[in-house]
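Scroll down for the structure; my scribbles are underneath it.
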Amino acid sequence: MNKFWDILYTSLFSYWVFGTVTIITWLSVTDYLDRVYASMLYNAVFALASLYLALVNRENKFRKNFIIFLVGFFYALAGVTLIFYYRVLS
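In the numbering used here, the protein residues as written are 5 to 94.
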């Protein structure tokens, strides 16, 4: 039963992070969302949350959670970088 809950929270949180970061980044880069710094802040919060969960799950017996959350961290960080490059620097 413990493995079921572990898979459930991993899948729900990772889909939530990947979906939200994708939508926020796409809306900001294509100029549909005018709140550039708020978008960068939201993506940075998701990046920090993913990094925290990756570090917490690093010593967990389910090793794949560490990899999933680490990928989520870099994905959210890439979203912050894309928004900064296309909206702030241009």
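We put the beta carbon where it would ideally sit given N, CA and C, even for glycine. In this text, all values refer to a predicted model and were calculated from it rather than measured experimentally.
Roughly how many angstroms lie between the CA atoms of residue i and residue j, to the nearest whole one?
i: residue 83; j: residue 44; result: 8 Å
i: residue 42; j: residue 81; result: 14 Å
i: residue 24; j: residue 64; result: 26 Å
i: residue 91; j: residue 7; result: 42 Å
i: residue 85; j: residue 10; result: 30 Å
Buried or exposed for residue i, please, with buried defined as at least 16 other CB atoms from any protein chain shown within 10 angstroms of its CB.
i: residue 60; result: exposed
i: residue 57; result: buried
i: residue 79; result: buried
i: residue 49; result: exposed
Residue i and residue j look like a contact to me (Cβ under 8 Å); what is the Cβ gap, rounded to whole Å?
i: residue 100; j: residue 18; result: What is shown of the chain runs 5 to 94, which leaves residue 100 out entirely.
i: residue 87; j: residue 29; result: 6 Å
In chain order, which alpha helix (DSSP H) runs of at least 4 residues are fully inside the region 37-80?
40-60
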